[in-house]
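Visitor: This is the structure I want to talk about, given as structure tokens.
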Amino acid sequence: MIKRLGKISGVAALCALPSSVAANTVVHKDFYKQPIKNADKPLIKADIAKYKRIFLLQKKGNWKQADRQIAKLSNPILLGHVKAQRYLHPTKYRSKYRELFSWLKLYRDHPDAIRIYKLALKRKPRNANRPQSPLFGKKKSIETKQKKYGTYFRFKSAGVRVTRKTRAFHRKVRYLVYRQRLTAAENYIKRAETRGMHKAHIDLARARISAGWFYYGNDKKTLEIALKATQRNGPIVPSAHWYAGLAAFRSKNYALASKNFEVLTSTNGISENTKRAAAFWAGRSNLIAKRPSYMSRYLLIAADGGRDFYSILARRLLGIREKTIWESDSTSYQHNFSLLTQEKVTERVLALVQVGQRSRAENDFRQLVSSASLPRKKALISAAEVLLMPGLALHAARNTVDNDSPEILRGLYPLPPWVPDGGFTLDRALIYAFMRQESAFRVNAKSRAGARGLMQLMPGTASYISGRRYMGSRKNKLFDPILNISLAQKYLRYLLKHDAVSGNLLLLAAAYNGGPGNLIKWKRRIGKNNDPLLFIESLPSKETRNFIEKVLSNLWLYRDRLGQKVPSLEALARGEVPMNVNLDSKQ
704 MIKRLGKISG VAALCALPSS VAANTVVHKD FYKQPIKNAD KPLIKADIAK YKRIFLLQKK
764 GNWKQADRQI AKLSNPILLG HVKAQRYLHP TKYRSKYREL FSWLKLYRDH PDAIRIYKLA
824 LKRKPRNANR PQSPLFGKKK SIETKQKKYG TYFRFKSAGV RVTRKTRAFH RKVRYLVYRQ
884 RLTAAENYIK RAETRGMHKA HIDLARARIS AGWFYYGNDK KTLEIALKAT QRNGPIVPSA
944 HWYAGLAAFR SKNYALASKN FEVLTSTNGI SENTKRAAAF WAGRSNLIAK RPSYMSRYLL
1004 IAADGGRDFY SILARRLLGI REKTIWESDS TSYQHNFSLL TQEKVTERVL ALVQVGQRSR
1064 AENDFRQLVS SASLPRKKAL ISAAEVLLMP GLALHAARNT VDNDSPEILR GLYPLPPWVP
1124 DGGFTLDRAL IYAFMRQESA FRVNAKSRAG ARGLMQLMPG TASYISGRRY MGSRKNKLFD
1184 PILNISLAQK YLRYLLKHDA VSGNLLLLAA AYNGGPGNLI KWKRRIGKNN DPLLFIESLP
1244 SKETRNFIEK VLSNLWLYRD RLGQKVPSLE ALARGEVPMN VNLDSKQ
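The sequence shown runs 704 to 1290 under this note's numbering.
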């Protein structure tokens, strides 16, 4: 096996090409269905045809015909995947325990091992031997392992107990705030305080109620409640400072706003992104309050190192040019990929790509990420670029602490291979920005609400925009990447022309995430607001606020990667509404 892996010269040669050649390549829409080209292929043509037929036959439940094709194979490299497809078939096959037991003995390094192991445990007879466990279990990501912030962390650090009783208390407060029963929530925490509820829990509840009043549009009540919490337990409930700062800013009390935002920048137990956002608003408050030295101090804090929304915006306000280096020399590119020749899975991945099973191939490489060293993660990103698997590239890049090298940057902002029917009628940077946030480039992504595919289209939305039904059994057609992007692009064009959006990129992201109906309702509640940043922060949906900021920051970085200007960033830096501008046609 190792000798054969050392001969994968075609892929290594492809990696040796200057990355700038491939950087702006748009691949034909049928690429996703085709095997890899220019590589030393593990499978001969006859086996490629047989494997393709096997996977198709098994999908339809034609087991006898599939078995006849399996018997004719000369290379059994994909039998683990073939059997996994059969044993996990949702309707056409019921696997036996001995089949699952035998599979795990031979193929426990496959991505389906976790599902098959769980199924084996359910079907295990009482006296049977226990099956072998998967080689690659579910592991926490780098971000999860290193998280040292959040409410629980702050409470634990302060020695405040979190019990079943306090959880029930906060659950009730969150429910009342969600239902906009804010006065009832205030009365509820007053009763809890008289019964001896810890002061930190009371002040956390106050911070949540102050948020409710802020999104309701009542700045006076927001400040009244939030400031009570900050005076007693500000370091433990920093969100009270955030809402006090926003309410003061909206009330044009910029001195009070800057004071609250400034406190947040030095608060422990909150994320670096939150600190940078607070620093940006502190700088902005001081700018309007005509305190330029304080403005510069806090904008520099906001601008330091991050690729989040407010960091990029702060750098633009300060006139700091982005120094993102996307390209790496061909030697390091080839070296990175050569590391994968040491992995047993590499030949199997290439074989899967040959037979058109790209999702399976990507999952095979994905399971290596959590335990891979930094050089191997870079190798996986290089492989993902060669094999055109943007989801794998992003997954590998997100699970590393190094985010400044060109390989990692390209992994964080990969260029997808898919092209919508009829080509791009909106800029690629805009489509990629939504795709990265919606699905992280996972073709088979599905939300709890039922949104599907790369652009997370709801079946109802797809049906409305296309004039064809994508309900019932047709829902899963939305997993097709070309169809999904084509319909999403059409929907984005529809939203851009909608009266509630009118070309405004902030409103476009809000409408795509929350729906145009919710956007109209939010705009009515917020009222006329000429400050686009304050408009974002005044939206009542946290999901939509985060979505807007991430889509815009994605857009700016994709513009940079594609060598384009960033008119929406320049507009926001001037305090203007960022409008959609098509730049692809001008290149």
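From the three backbone atoms N, C-alpha and C, an ideal C-beta is built for every residue, glycine too.
Treat the numbers as computed from the prediction; the structure is a model and nothing was measured.
Using a Cβ-Cβ cutoff of less than 6 Å, which residues in the same chain neighbour I973 once the five nearest sequence positions on both sides are dropped?
Guide: Result list for I973: Y852 and P941, in chain order.
Visitor: Roughly how many angstroms lie between the CA atoms of A769 and I757, to the nearest whole one?
Guide: Approximately 5 Å, taken between the alpha carbons.
Visitor: How would you label P793, buried or exposed, when you count the other beta carbons within 10 angstroms and need 16 or more for buried?
Guide: Answer is exposed; the Cβ neighbour count stays below 16.
Visitor: Looking at Q1267 and the ligand ZN, is the gap between the Cβ and the nearest heavy atom below 7 Å?
Guide: Within the structure as shown, the ligand ZN is missing, as the structure has no ligands at all.
Visitor: Would R898 pass as a contact of A932 if the rule is Cβ separation under 8 Å?
Guide: Going by C-beta atoms, R898 is not nearer than 8 Å to A932.
Visitor: Buried or exposed for S1074, going by 16 or more other Cβ atoms inside 10 Å?
Guide: Looking at its Cβ environment, which holds fewer than 16 other Cβ atoms inside 10 Å, S1074 is exposed.
Visitor: Any chance you could list the alpha helix (DSSP H) runs of at least 4 consecutive residues sitting entirely within the region 1227-1275, in chain order?
Guide: Here the runs fully enclosed are 1235-1241 and 1245-1264.
Visitor: Which residue comes first and which comes last in the alpha helix (DSSP H) that contains Q1070?
Guide: Where Q1070 is concerned, there is no enclosing alpha helix (DSSP H), given that its DSSP letter is neither H nor E.
Visitor: Using the Cα positions of L1091 and P1270, report the straight-line distance between them to the nearest angstrom.
Guide: Distance between the alpha carbons of L1091 and P1270: 29 Å.
Visitor: Could you tell me whether the Cβ atoms of I1188 and I1239 are closer together than 8 Å?
Guide: Taking 8 Å as the Cβ cut-off, I1188 and I1239 do not qualify as a contacting pair.
Visitor: Using three-state DSSP, classify L1286 as helix, strand or coil.
Guide: Three-state result, L1286: coil.
Visitor: For S1169, which of G1175, K744, N1179 and Y1194 has the nearest alpha-carbon?
Guide: Nearest option by C-alpha distance: Y1194.
Visitor: By Cβ distance, which residues of its chain are closer than 8 Å to S999, with the 5 residues on each side in sequence left out?
Guide: Closer than 8 Å at the Cβ level, and outside the excluded window around S999, lie G986 and L1021.
Visitor: Determine whether the beta carbon atoms of Y1013 and A1005 lie at a separation below 8 Å.
Guide: In this structure, A1005 lies closer than 8 Å to Y1013 by Cβ.
Visitor: Report the three-state DSSP secondary structure of I739 (helix, strand or coil).
Guide: In this prediction, I739 has a pLDDT of 44, which is less than 50 and means its spatial position is unreliable; what the coordinates show is noted afterwards. Residue state, collapsed to three classes: coil.
Visitor: Going by DSSP, what residue range makes up the alpha helix (DSSP H) through L1209?
Guide: Note, L1209: alpha helix (DSSP H), L1208 to G1217.
Visitor: Using three-state DSSP, classify R870 as helix, strand or coil.
Guide: In the structure shown, R870 sits in a helix (DSSP, three-state: H, G or I).
Visitor: Spatial neighbours of L930 within its chain, please: C-beta separation below 7 Å, excluding the five flanking residues on both sides.
Guide: Hits under 7 Å: A947.
Visitor: Could you name the residues of the same chain whose beta carbon sits closer than 7 Å to that of K924, not counting the 5 residues immediately before and after it, in chain order?
Guide: Excluding residues within five positions, the ones whose Cβ falls inside 7 Å are W916.
Visitor: Determine the burial state of S988: buried for a count of at least 16 other Cβ atoms within 10 Å of its Cβ, exposed for fewer.
Guide: Label assigned to S988: buried.
Visitor: What do you get for R894, buried or exposed, if any count of 16 or more other CB atoms within 10 angstroms of its CB means buried?
Guide: Exposed, by the Cβ-count rule.
Visitor: Look up K1047 in the DSSP assignment and say whether it is helix, strand or coil.
Guide: Coil, per DSSP.
Visitor: Which parts of the region 955-990 are runs of the alpha helix (DSSP H), unbroken and 4 residues or longer, counting only runs that do not cross its ends?
Guide: Runs found: 957-968.
Visitor: Quick one: using the 10 Å Cβ neighbour count with 16 as the cut-off for buried, is D922 buried or exposed?
Guide: Buried, because 16 or more other Cβ atoms sit within 10 Å of the Cβ of D922.
Visitor: What did DSSP end up calling L1160 once you bin it into helix, strand or coil?
Guide: Note: L1160 maps to strand in three-state DSSP.
Visitor: Once you ignore the five residues that flank L1198 on each side, which residues in its own chain have a CB closer than 7 Å to its CB?
Guide: Cβ neighbours of L1198 beyond the five flanking positions: V1204, L1211, A1214, Y1215 and P1219.
Visitor: By DSSP, does K893 sit in helix, in strand, or in coil?
Guide: Note: K893 maps to helix in three-state DSSP.
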